[in-house]
Structures are given as structure tokens and as C-alpha cells.
Amino acid sequence: MEPIYSEETREIPMFHSEQDVVEVKSSSFLMQLPLKWSMWLLGPSILLATGIVPTLWLPLAPVFPGANIAGLLSVVGLDCIFNIGAMLFLLMADACGRPRESSTSSAIGSRIPLRYKLWNIGASALSFLVPLLLLLPSCKSTLRPQLPFNSFMVLLGPYLLLLSIQMLTEMLTWHWRSPVWLVAPIVYEGYRVLQLMRGISMAGEVRAPAWMVDCLCGLVMWWVLILGIQLMHVASFAGLQDRSES
90 MEPIYSEETR EIPMFHSEQD VVEVKSSSFL MQLPLKWSMW LLGPSILLAT GIVPTLWLPL
150 APVFPGANIA GLLSVVGLDC IFNIGAMLFL LMADACGRPR ESSTSSAIGS RIPLRYKLWN
210 IGASALSFLV PLLLLLPSCK STLRPQLPFN SFMVLLGPYL LLLSIQMLTE MLTWHWRSPV
270 WLVAPIVYEG YRVLQLMRGI SMAGEVRAPA WMVDCLCGLV MWWVLILGIQ LMHVASFAGL
330 QDRSES
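Encoded structure:
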């Protein structure tokens, strides 16, 4: 098949030289800069409005009716609002951090260490199993005083649900080679500390036993430790990036 030449094709600037093609690409990149700059402010604002503001300033008395299904749905609803904000924040961070070249994107994804993946999965799985292991002896009356199942679900049901969502989100960022694979666990773990602190404040309203309050306090300390390790991973990865670029 022979190429078609006409006067119309000569009038199109993109066909004149490779320099014009580069100029068109650079101009499209410059047009996207204001959108990315707005995401830098909009993303954290959404995360703040959906996670921190309801947790710190929303009074629990009108929201939490008690240790029943309505109380469970109310606290789960607060966490769902945060999860929507977290997803929007991660999507905006992915759009701002993902390079235009697919080769560079695959190189970023290939740098995810296997040891990091195993640590995250192991820590999340252990944090998921420990509350369930405490629930079994409580239901069998071997751990006294006994904690009703409804009270357990109100205190730790949202915690287990959001932890499952975090594990799924992390695996998806690894599979899609998203540049937010380092940020996603920090977003969820920072909110989890506030979530468990909320559970400690609700323990008196549901008449939770002392061992349950100690379990919540232990989980808070555990997740603060994990959050610190995640920040160490960020610092270590930033150091590796500097050494590889130099």
C-alpha cells in the first residue's frame, strides 16, 4: 500500500518534523500541570475531611446508639466514609506520581522488595488473627468476664473490615505497579490508630471487660510500631533512589 500525499498533510504541523511532535507533547504536559497541582491540595484535603475531622470532632453520643446492629452500622459508616476518601486520595496520588513512560512505570513496580511484601502481609495477617483468637475463649467462657458478640463486633468489627480492605488495596498496588505502594499502608495505618482509640473510648459504653481494653491498648501500640517501621521503609527506599540516581 502506497502512502497518500496531499496538500492537507503538509499543512499539519505535526508532520513537518520531529521537533514539532516534541513540542506538541510538551505543550500537552504543560496543560496537565495545573490539574496535578490542584490534586496536590485536593487529595490531602479529602483525606483530612473524611478521616480526621469525623474521628476527632464528631461526638459519638448521637452517632453511636449502643452495642447493637445500629451501633455497628454507625461506626462502620464512619470507616466507609474514610475509605472513600482514602481511595480518592490514592487515585490522585497515583495520577500525580505515575510517569508517562510505561518502561519507567514497570521499573518502579519491579523495585518492590519481596521482603517488604512478606512483612506487610505477615503483620496484617497477625493483626487480624489476634482479636479472633481472643474471641474464641470468650465465647467458650474460658476467658472471664465474657464479652458479648455484639460488643466485640462494635469494638473490633470495623477494625477487621478496614484491615481486610487495606490488605486488598496493597495487593492491587503491587499488581498494578502503582507508585503509591509505599503510601497506601501509611494512610490506613495512621487512621487505624485513631480507629482503635475510638474503640477504647467506646469500651465503657458497651461495658467491655478489662482484658478487652488491654487488647485495644496493645493493638494501638502494635500499630504505632508498624507505622514507624513503614516510615523507616520510606526513608530506606528514598536512600536507595538517591544512590541509584547518583
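Using our numbering, you'd call the opening residue of the sequence shown number 90 and step up by one each time. Glycine included, each C-beta is placed from N, C-alpha and C at the ideal position.
Fill in: Three-way DSSP call (helix, strand, coil) for Val-164 in this model
helix
Item to complete: Under the assumption that Val-269 contacts Asp-183 (Cβ atoms under 8 Å), give the Cβ distance between them as a whole number of angstroms.
Response: The Cβ separation is near 5 Å, so the contact holds.
Item to complete: From the DSSP output, in three-state form, read off Gln-235 for me.
Response: coil
Fill in: Distance between beta carbons of Met-291 and Val-243, contact taken as under 8 Å
Cβ atoms of Val-243 and Met-291 come within 8 Å of each other, at about 7 Å.
Discussion item. If I measure Cβ to Cβ from Met-310 and keep anything under 6 Å in the same chain, skipping five residues before and after, which residues do I get?
Written reply: none
Discussion item. Give me the residue from Gly-166, Ile-158, Asn-172 with the minimum Cα distance to Leu-137.
Written reply: Asn-172
Practice prompt. Counting only runs of 4+ residues fully inside the segment 233–308, write out the alpha helix (DSSP H) ranges in chain order.
Written response: Here the runs fully enclosed are 238–264, 273–292.
Fill in: Host alpha helix (DSSP H) of Ala-214 (start-end)
203–228
Discussion item. By alpha-carbon positions, which one of Gln-319, Ser-325, Trp-300, Val-295 ends up nearest to Ile-158?
Written reply: Nearest Cα to Ile-158 within the set Gln-319, Ser-325, Trp-300, Val-295: Val-295.
Fill in: Pro-123 - DSSP class collapsed to helix/strand/coil
helix
Discussion item. Within 10 Å of its beta-carbon, does Pro-133 have 16 or more other beta-carbons around it, so buried, or fewer, so exposed?
Written reply: When all chains shown are included, Pro-133 counts as exposed.
Worksheet entry | Three-way DSSP call (helix, strand, coil) for Leu-149 in this model | helix
Discussion item. Following a CB-centred definition, is Asn-172 positioned closer than 7 Å to any heavy atom of the ligand GDP?
Written reply: The ligand GDP is not part of the structure shown, which contains no ligands of any sort.
Discussion item. Please identify the residue among Leu-329, Ala-297, Pro-123, Leu-320 whose C-alpha is closest to the C-alpha of Asn-209.
Written reply: When Leu-329, Ala-297, Pro-123, Leu-320 are compared, the shortest CA-CA separation from Asn-209 is found for Leu-320.
Worksheet item: Given Trp-129, which residues of its chain have a CB within under 7 Å of its CB, disregarding the five upstream and five downstream residues?
Response: Cys-185
Practice prompt. Use the C-beta contact count for Thr-231: other C-beta atoms within 10 angstroms, 16 or more gives buried, fewer gives exposed.
Written response: exposed
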